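Only one structure is covered here, and it is reproduced in the block below.
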Amino acid sequence: MDEKFYITTSIAYANAQPHMGHAYEAVLTDIIARYKSMRGVSTFFLTGMDEHGDKIVRASQKADMGPQAFVDANGEKFKELFKKFNISYDYFVRTSDKTHHWTGAQTLWGKLSDSGDIYKGVYKGLYCVGCEAFVTEKELVDGKCPHHDAAPEKVEEENYFFRLSKYTEQLKEKITSGELSIIPISRKNEILSFLEGGLEDISFSRPEGVIPWGVPVPGQRGHMMYVWCDALSNYITGLGFGRKDDENFKKFWPADTHVIGKDIVRFHAIIWPAMLLSAGLPLPKNILVHGFITSGGKKMSKSLGNVIDPMGLEDKYGVESLRYFFAREITPFEDGDFTEEHFMETYNANLANGLGNLVSRTIKMAGQYFDGKVSQAIDIDVPLKREFVAVGDSAKIEGYSIPYLIRTKFLPEYYEHMDSFEINKAADVVWQLIGTLDGYIASHEPFKLIKTEKQKTENIIWSLLFGLHYISHMITPVMPDTAKKIEDVLGAVFDDNALPVSFNTKPLDAALFLRK
Ligand code: MSP
């Protein structure tokens, strides 16, 4: 396993309030970050806000505020959302932050310029404010931008350009070889086929008169950086790039994983790596592209009236269950649908009944039969332990002990899925274990056995508690508070190999999840 892990979300536009998509991206990233920390890797998790550009200026004018006051207010809303969703970021980058961000963005510009990759030219074309991007006639439908249903503006202006075209072959090679890995493979193929068409140089600045709100181009009065160097650079400025206090940059760059949505893949898989190549900086290792959260099968939009407010849901159901839903019910690489109905169904089945029930039954039996003190009486390293065969139908666990199954099957499968970012499959493994433990109770009936076979019952309860300890371990990245509650009631005592050998259980104060 690597010694360090640097992971980022994209930085959200500060022009509007946070929505479910932002909550999803932050939770997905947080789960991966918490998993790496749990495995003992030194982890840095960066998130933040994209605060410049004319979308923001226009939104602030509408709100009758100055741009700085406007982004400050929206930034607070994002921070509040992240707090509620238990997002364990290490640093929150803000692109309007002159001290922390501007210096680094300008240093990066300087490096690209030193490489001879920035030149002055005249841009003539169309600009869509909604996309905050120059668009071509080809991309329009009936003369309008298909995403924003608005006609783009005609512009002719002096811009600095970045020599993106120069990097076409190098990018192809890095992506094909996997040095820059784009996950899932369908997105990698999409980028490779885009590269086949060759790349054109891109506008890299805009006149100050057009966008007064941005990072000034260093040494060139009257020009402001266009979104690329302003926003993408956050991934290094957030670590201190370009400043004296750049220890984090030295320790954590290159990024191990940039987590982004499917609409910004080209920016991250083409423009950003090309800028890094030009600056002579190492490339990120993985670009993880998640799908979109839809609502009732449709894109969330105000006009359809299907926008789900993540804060409202959090108030109603609690954050742990929402984090669970994001982790298990949504395949990270595809679009995933959220309806309150489906959410409730899985909440009741898997949290209140599944996990919650197993914990409360087991803890209750440990308390009632053994006063909470349950010790190990079986050898967990013997693979084909048949110590339970005598007490009932062991076919469900094929005669293997629960600890053996955990250590040879559930745990390695869970790690494998987590390591390949297949969070939903990793969560499935946990619920398979929950099912196995439920089946184990059903087939061994400790509640009956206690009347005649105290020692065998203790072995069974011990195995269940052992199982719960590993369930708690495996759900830690997804539901850190629930994991802690479970660990608290288990009261595990560990041996030198960090294996739980005995338990001093405490009664549960309240159900882990109330039925809804
Ligand atoms: N500011 C740019 C990113 C610059 S990164 C240097 C941006 N901001 S955004 O606010 O529009 O989007 C932020 C993230 O949310 C993106 O990764 C985007 O794909 C993601 N999502 C936006 N809507 C989404 C859903 N409905 N579902 C899931 N993620 C979605 O793009």
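Quick note on this note's numbering: the sequence shown kicks off at 854 and runs consecutively.
By construction, the Cβ of each residue, glycine as well, lies at the ideal position given by its N, Cα and C atoms.
Computed from a predicted structure; not experimentally measured.
Burial of Gly1209 is indicated by the presence of at least 16 other C-beta atoms within 10 angstroms of its C-beta. Ranked by Cα distance from Gln1023, the first of His1000, Leu1048 and Phe1347 is Leu1048.
A Cβ-Cβ contact shorter than 8 Å links Asn1101 with Gly1093. Membership of Ala1219 in the alpha helix (DSSP H) is indicated by the continuous run Asn1210 to Phe1223. In this structure, Ile864 has its CB closer than 7 Å to one or more heavy atoms of the ligand MSP. Taking 8 Å as the cut-off, the beta carbon of Leu1302 is found closer than this to the beta carbon of Lys1309. As for any beta strand (DSSP E) of minimum length 3 sitting wholly inside the stretch 889–962, the runs are 895–903 and 944–947, ordered along the chain. Residues Leu1208, Gly1209, Val1212, Thr1335 and Lys1338 of the same chain have their beta carbon placed closer than 7 Å to that of Leu1365, with the five preceding and five following residues left out of the count.
With respect to Met1218, Pro1299 sits close: the two C-beta atoms are nearer than 8 Å. For Phe1191, the Cβ stays outside the 7 Å cut-off from all heavy atoms of the ligand MSP. For Met1128, the CB stays at least 7 Å from every heavy atom of the ligand MSP. In the three-state scheme derived from DSSP, where H, G and I count as helix and E and B as strand, Ser1148 is classed as strand. Spatial neighbours of Ser1034 in its own chain (CB-CB distance under 6 Å, excluding positions within 5 residues in sequence) are listed in chain order as Asn1139. Under the three-pair Cβ rule at 8 Å, the stretch 1034–1044 does not count as touching the stretch 1080–1093. If you ignore the 5 residues before and after Leu979, its C-beta comes within less than 8 Å of the C-beta of Phe987, Val988, Thr989, Glu990, Leu993, Pro1005, Glu1006, Lys1007 and Val1008, all in its own chain and listed in chain order. The beta carbon of Asn1350 sits no closer than 7 Å to any heavy atom of the ligand MSP. Excluding five sequence positions before and after Ala1180, the CB atoms of its chain that fall closer than 7 Å to its own CB belong to Ile884, Ile1276, Asn1277, Ala1280 and Val1331, given in chain order. Annotated as proximal: His1143 and Gly1114, with beta-carbon spacing under 8 Å. In the same chain as Ser1058, and ignoring 5 residues on each side of it, the C-beta atoms closer than 7 Å to its own belong to Asn1012, Tyr1013, Val1070, His1076, Met1077, Met1078 and Tyr1079, in chain order. DSSP places Leu1141 in the strand class (E or B) of the three-state scheme. Taking all protein chains in view, the Cβ of Glu856 is surrounded by fewer than 16 other Cβ atoms within 10 Å, so the residue is classified as exposed. Inclusion of Ile1146 and Tyr1323 in the CB contact set at 8 Å is not warranted, their separation being larger than that value. Taking the C-beta atoms as reference points, Thr948 is found no nearer than 8 Å to Glu985. Counting along the chain, no alpha helix (DSSP H) covers Asn1357; the unbroken beta strand (DSSP E) around it starts and ends at Pro1353 to Asn1357. Met1078 has its Cβ no nearer than 7 Å to any heavy atom of the ligand MSP.
Exclusion of Ile1035 from the 7 Å shell around the ligand MSP follows from its C-beta lying no nearer than that to any non-hydrogen atom of the ligand. Restricting attention to Arg1214, Val982 and Pro1065, the CA atom closest to the CA of Pro920 is found in Pro1065.
Here Asn1350 is exposed. Its C-beta has fewer than 16 other C-beta atoms within 10 Å.
Residue environment for Phe931: buried (at least 16 other C-beta atoms within 10 angstroms of its C-beta).
Sequence-distant Cβ neighbours of Trp1125 in its own chain, meaning closer than 7 Å and more than five residues away, are Leu1085. Between Arg1368 and Asn1201, the gap from beta carbon to beta carbon is short of 8 Å. Per DSSP, the beta-bridge partners of Met1077 are Arg1059 and Pro1069. Between the C-alpha atoms of Gly1165 and Gln870 there is a straight-line separation of about 13 Å.
In this structure, Ile1259 and Leu1286 form a Cβ contact; the two beta carbons are roughly 7 Å apart against a cut-off of 8 Å.
Take Glu1187, set aside five residues on each side of it, and the residues of its chain with a beta-carbon closer than 6 Å to its own are Gly1144, in chain order. Rounded to the nearest whole angstrom, the CA to CA distance from Trp955 to Cys998 is 31 Å.
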